[in-house]
Amino acid sequence: MANHKSSEKRAKQTIKKTNINKRRESEVKTFVKKIRTAIAEKNKNEALKLYPVVQKLNDKLAQNGVTKKGNAARINSRLASQIAKL
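Using the working numbering, the letters of the sequence shown correspond one by one to residues 228 to 313.
In structure tokens, the structure reads:
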């Protein structure tokens, strides 16, 4: 439990930032699922339309330290190669 005013503030900031990061990460996962369903349905147009959005969001997460850069790059790469196979 926080004993100082500044540590109480930090605790509040941490909770707020954690919720924001979880929301952003969830948004990326949702878009990745949409692309994967489009790939499974052999819908290349929809996958190509969604890919830049996912790539941008994923790279932003990595840049802000929510996820690791290698993780974001791996997801982007795998999605791109799956789309190219269609």
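Even glycine gets a Cβ: it sits at the ideal position worked out from N, Cα and C.
Between the CA atoms of residue j and residue i - distance to the nearest angstrom
i, j, result
"E235", "A267", "48 Å"
"L277", "I242", "31 Å"
"F258", "Q282", "10 Å"
"A300", "L284", "12 Å"
"D286", "K295", "9 Å"
"A307", "K239", "39 Å"
"S233", "G297", "35 Å"
Own chain residues within Cβ distance below 7 Å of residue i, not counting five before or after
i, result
"K261", "L277"
"K293", "It is Val, not Lys, that sits at residue 293 in the sequence shown. So the qualifying residues of the chain are N248, R251, E252."
"V280", "F258"
"N303", "Q282, N285"
Own chain residues within Cβ distance below 6 Å of residue i, not counting five before or after
i, result
"A274", "I262, A265, I266, I310"
Exposed unless 16 or more other CB atoms sit within 10 angstroms - verdict on residue i
i, result
"L313", "exposed"
Own chain partners of residue i with C-beta closer than 8 Å, once the 5 adjacent residues on each side are dropped
i, result
"R237", "A229"
"R305", "none"
What are the complete alpha helix (DSSP H) segments, minimum 4 residues, inside the region 232-293? Fully enclosed alpha helix (DSSP H) runs of 4 or longer: 232-267, 271-290.
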